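Step one of this worksheet: look at the structure below.
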Amino acid sequence: MSDREIINAKKGLPMWYKPDMALTKEEWMKNNQLRVWHSISCTTENRCQCEEPATVELWEQDFCARGRIDTKICVKCNNVESFSIVR
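Numbering-wise, the sequence shown is residues 74 to 160 according to my numbering.
Right, here's the structure in full:
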């Protein structure tokens, strides 16, 4: 086990988690824990309430908006922390 994996285990975070992590849709669809976000709206009512969220940024190309949807997911509580549309 690496030092990062030990620290993540102590904090209750997934082993694969790294701070300031951003993944394209092709990457996050390969992760079983993140794949569920494919069918969940980023505008959901369930917002992260953690004092120190451990976020992963999920990028998805949106051709209707002619931009990219960036959704920050907290892996501690498994809720949306924020989202934005980048044009």
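Ideal Cβ placement from N, Cα and C applies to all residues, glycine included.
Here the structure is a predicted model, which is why all the values come from computation and not from measurement.
**OP:** Take Ile158 as the anchor and find which of Asp135, Ser75, Asn151, Cys150 has the nearest alpha-carbon.
**Re:** Asp135
Original post:
Hey, how far is the Cα of Lys145 from the Cα of Ser75?
Top reply: 25 Å
Subject >> Nonlocal neighbours in the same chain, by C-beta distance under 7 Å from Gly95, ignoring five residues either side >> reply: For the sequence presented, residue 95 should be read as Ala rather than Gly. Contacts found: Glu130, Trp132.
Original post:
Thinking C-alpha only, which one of Cys147, Lys83, Ile142, Arg108 is nearest Glu124?
Top reply: Cys147
Original post:
Rounded to the nearest angstrom, how far is the Cβ of Trp89 from that of Asn104, given a contact under 8 Å?
Top reply: 7 Å
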